């Protein structure tokens, strides 16, 4: 049992993954033998040497292998920005923030890149006071952390309440009354927070415009008139999808249809 | 029970909070401009209020466009009020900021203040236009309020035996001069001693107070003082203490104030106990004549300061290197309308680069006005290396005691600035008043580097809720909690319900007795065997169907079981078996029958248990 973590480490870090390596990776990565950690480190090194296309290929390869984490998205975003791809960079920063919502570097670079956008950023309604504090707490954790915290809270609450049911007259039960109520409140907050995030993850899709400029039309087709235009990097909410066309909505309420190839869901 | 109530309260609170977030904010950005009056004299101060309403959390501060012939001075305000509204089940939030200005007319004419503009997140709004007609100083104003006769300084209206008395410190004052207004409760000492509660002054925001900047000196404790009035000892309690600074000239009317007084009952920490009576007491209205600033001897730089003030100016260093920053600190202190008066007039500072200014206030309301100090700090950097000088800093005010204008001027400050040598580092700004400490200034903001030395190849799954193991981990506590509650319920019922306890222990007891019967069969002891077998059946039936079986005959037991709805076949079988065992026990039995009777008992017990869904 004690060897399990070591075996897991070996499985993740050291066992070469050769599926598709030779076909997709540039030659620079031959020495990595499909080792994911080695590919990531080499891609970082290539980025620092200014070989951006090679670095991007490394990061992209890891993504193609199914690796998902905030640092990978962040480094890929930086690479794409330095290659002059504004929209794809913002897309990857947004993805990185979903994994690392408290990371200041990601927020800084995203803000930096957004300043170069053509369209003015449309921010949602900002709340202050208690509501603002609750929203801040809600956005402090990513979905994974939220769910793990929820599970921990659930166990702690269940243990305390079970103890209270089995030993109602014990000193511990009397002393932990407030703790139980506090845990219950935190639990409710956690459930609501996780529920909102799951809903957003499943139903509310945001997307980023990837092309320099695109016309938003009143219907799903080129024969519909253009309602307004959007530029690279602008975030939109996806309302519905048709083959080749996507209905989007802006925070200010503007809505219309775009070719599906002009944007990508975060 | 109390705990459940707490849980429900928390749930309601959380539901309320999230209800707010669920509702989408509605409404739009709007600006409403209002003047306290539409006519004024030259030099008179007129209050202007700008109210910004927005559906966003932080309504912006408005920008007032310049109007030739008028000067605007920000008075303050700017606090944000928040309100929620529920319409058709949807909650909307509205935020309101009110900013107050004083408008001073510099010449005659009719002025239109329009184009007050706010901008919030790409949304613009422009306020309504308001007009102000300015006439020469001393000319009559078409203001109906000005025609009312001035009231007396101390008036009171009786309400039973208690009276509310309004006492202004003066009935004639300059614009901006401090007027202390006190409200006393007066009555016989015994009656005053019976007062248990004092209501709010609900209507003081109208009338005079609407046209003044008002500060309140909080009353820490209602102390009863004795005074002789009309030869009678009376109790006097100071209820309110205000300091008002009139904003405009004219006769200001103070409306009567009404408060509710609770008399009688027993004093309690939270509310009066016992019989009590509430009476309303109302003060007499009074007038305050506000006179404009005298024209004679008015300095150019005078901007409405009234009181007695002092002015000092210092720098944190006089010998500098070229490019070094220093702090000029100008401190205005004294008593009067210091909170609203403009900053001192600075000399020409064109030989310096000027950075962000800071303002530090230490002002408090005192018995006879408002006093304190305001320190303005200016971070300056000399543009070139030479001897230079900061000229006199000046401040003018009207002293109401001698009705004269006074102008304060500081001594010039000489600075020695030396040139910076070759290769010396660029400028480092010293923070305001920071002495030798250096403030770190961000000179460049750039794109940040990639993340290295991080677990960038790990796969982090956000959607844990899709993983069966996680779902199991989340569901297990519910199972554990349910099990614990069931067990607690079972234990409690065992302790409180004897029938339940007998019922639950019946199969276990029967199995134990059957085991003893087997031992008796093995030993070949007939009496002991039949006694044990009889006990197995009688005890099980008694416990299971809650019958007082001990001491009953087999027939009685059978009758009782039939009444409990046990099938006749089982009842008959039981009765016959028990009678047979009794006969064997007292009539003697063959050892060879012992085993078959044990088997017979086991079979019968199995049938009885099957009725209750158990196994022997």
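Protein chains in written order, with the working numbering: chain A, 1499 to 1764; chain B, 49 to 664. Cβ coordinates follow ideal geometry from the N, Cα and C atoms, glycine included. Bear in mind the structure is a predicted one, so any value in this text is a computation, not a measurement.
Residue of the options minimising C-alpha distance to residue i
{"i": "residue 494(B)", "options": "1656(A), 1642(A), 1606(A), 1659(A)", "result": "1606(A)"}
{"i": "residue 114(B)", "options": "383(B), 332(B), 583(B), 164(B)", "result": "164(B)"}
{"i": "residue 501(B)", "options": "1524(A), 1593(A), 1542(A)", "result": "1542(A)"}
{"i": "residue 1533(A)", "options": "504(B), 623(B), 246(B)", "result": "504(B)"}
{"i": "residue 1558(A)", "options": "1678(A), 1577(A), 1634(A)", "result": "1577(A)"}
{"i": "residue 603(B)", "options": "380(B), 161(B), 310(B), 626(B)", "result": "626(B)"}
{"i": "residue 655(B)", "options": "555(B), 631(B), 155(B), 112(B)", "result": "555(B)"}
{"i": "residue 1610(A)", "options": "456(B), 496(B), 659(B)", "result": "496(B)"}
{"i": "residue 533(B)", "options": "1561(A), 1656(A), 1629(A)", "result": "1656(A)"}
{"i": "residue 642(B)", "options": "567(B), 591(B), 624(B), 595(B)", "result": "567(B)"}
{"i": "residue 248(B)", "options": "240(B), 224(B), 309(B), 170(B)", "result": "309(B)"}
{"i": "residue 143(B)", "options": "103(B), 441(B), 267(B)", "result": "103(B)"}
{"i": "residue 518(B)", "options": "1650(A), 1747(A), 1742(A), 1754(A)", "result": "1650(A)"}
{"i": "residue 397(B)", "options": "415(B), 411(B), 380(B), 375(B)", "result": "375(B)"}
{"i": "residue 178(B)", "options": "167(B), 159(B), 288(B), 172(B)", "result": "159(B)"}
Burial state of residue i (16 or more Cβ within 10 Å)
{"i": "residue 577(B)", "result": "buried"}
{"i": "residue 561(B)", "result": "buried"}
{"i": "residue 608(B)", "result": "buried"}
{"i": "residue 1761(A)", "result": "buried"}
{"i": "residue 652(B)", "result": "buried"}
{"i": "residue 271(B)", "result": "exposed"}
{"i": "residue 1567(A)", "result": "buried"}
{"i": "residue 388(B)", "result": "buried"}
{"i": "residue 135(B)", "result": "In this predicted model, residue 135(B) has a pLDDT of only 47, less than 50, meaning its place in the structure is not dependable enough to derive any value."}
{"i": "residue 441(B)", "result": "buried"}
{"i": "residue 615(B)", "result": "exposed"}
{"i": "residue 1623(A)", "result": "exposed"}
{"i": "residue 1540(A)", "result": "buried"}
{"i": "residue 266(B)", "result": "exposed"}
{"i": "residue 1715(A)", "result": "buried"}
{"i": "residue 116(B)", "result": "exposed"}
{"i": "residue 1665(A)", "result": "exposed"}
{"i": "residue 1635(A)", "result": "exposed"}
Residue i in three-state terms, based on DSSP
{"i": "residue 1722(A)", "result": "coil"}
{"i": "residue 122(B)", "result": "strand"}
{"i": "residue 198(B)", "result": "Note on residue 198(B): pLDDT 35, under 50, position unreliable in the model; the coordinate value appears next. Coil at residue 198(B), not helix or strand."}
{"i": "residue 1556(A)", "result": "helix"}
{"i": "residue 1705(A)", "result": "strand"}
{"i": "residue 403(B)", "result": "strand"}
{"i": "residue 546(B)", "result": "helix"}
{"i": "residue 379(B)", "result": "strand"}
{"i": "residue 426(B)", "result": "strand"}
{"i": "residue 588(B)", "result": "helix"}
{"i": "residue 1505(A)", "result": "Note on residue 1505(A): pLDDT 46, under 50, position unreliable in the model; the coordinate value appears next. Here residue 1505(A) sits in helix by DSSP."}
{"i": "residue 112(B)", "result": "coil"}
{"i": "residue 396(B)", "result": "coil"}
{"i": "residue 79(B)", "result": "strand"}
{"i": "residue 88(B)", "result": "strand"}
{"i": "residue 1640(A)", "result": "coil"}
{"i": "residue 1739(A)", "result": "strand"}
{"i": "residue 204(B)", "result": "Caution applies to residue 204(B), whose pLDDT of 40 falls short of 50 and renders its modelled position unreliable; the value that the coordinates give is listed next. Three-state result, residue 204(B): strand."}
{"i": "residue 496(B)", "result": "coil"}
{"i": "residue 453(B)", "result": "strand"}
{"i": "residue 1749(A)", "result": "coil"}
{"i": "residue 1672(A)", "result": "helix"}
{"i": "residue 1756(A)", "result": "strand"}
Residue-level contact to chain C via CB, residue i, 8 Å cutoff
{"i": "residue 1726(A)", "result": "Protein chains in the displayed structure are A and B, and chain C is not among them."}
Quick check for students: name the residue ranges of the alpha helix (DSSP H) that lie wholly in the region 1596-1623 of chain A, counting only runs of 4 or more. 1602-1612
Just by C-beta distance, which residues in the region 1617-1649 of chain A are closer than 8 Å to chain B? 1618, 1620, 1621, 1623, 1624, 1625, 1626, 1627, 1628, 1629, 1630, 1632, 1633, 1640, 1641, 1642, 1645, 1646, 1648, 1649
Which ranges would you report for the alpha helix (DSSP H) in the region 208-286 of chain B if only whole runs of at least 4 residues count? 237-241
For the region 492-516 of chain B, list every residue whose C-beta sits within 8 Å of some C-beta in chain A, in sequence order. 493, 494, 495, 496, 497, 498, 499, 500, 502, 503, 504, 505, 506, 507, 508, 509, 510, 511, 512, 513
Compile a chain-ordered list of the residues in the region 1581-1598 of chain A whose CB is closer than 8 Å to at least one CB of chain B. If you check each beta-carbon in the region 1581-1598 of chain A against every beta-carbon of chain B, the ones closer than 8 Å belong to 1596, 1597.
Closer than 8 Å, Cβ to any Cβ of chain A: which residues of the region 157-177 of chain B, in chain order? Flagged, chain order: 169, 170.
Going along the region 1647-1666 of chain A in order, which residues come within less than 7 Å of chain B, judged by CB to CB distance? 1649, 1652, 1653, 1656, 1659, 1660, 1663, 1664
Chain-ordered residues of the region 1565-1578 of chain A with a beta carbon less than 7 Å from chain B: Listed by position, the residues of the region 1565-1578 of chain A near chain B (Cβ gap below 7 Å) are 1565, 1566, 1567, 1569, 1570, 1572, 1573, 1576.
I'd like the ranges of any alpha helix (DSSP H) spanning at least 4 consecutive residues and lying wholly in the region 589-658 of chain B. 602-611, 616-635
Mind listing which residues of the region 1726-1760 of chain A have their C-beta closer than 7 Å to chain B's C-betas, in chain order? none
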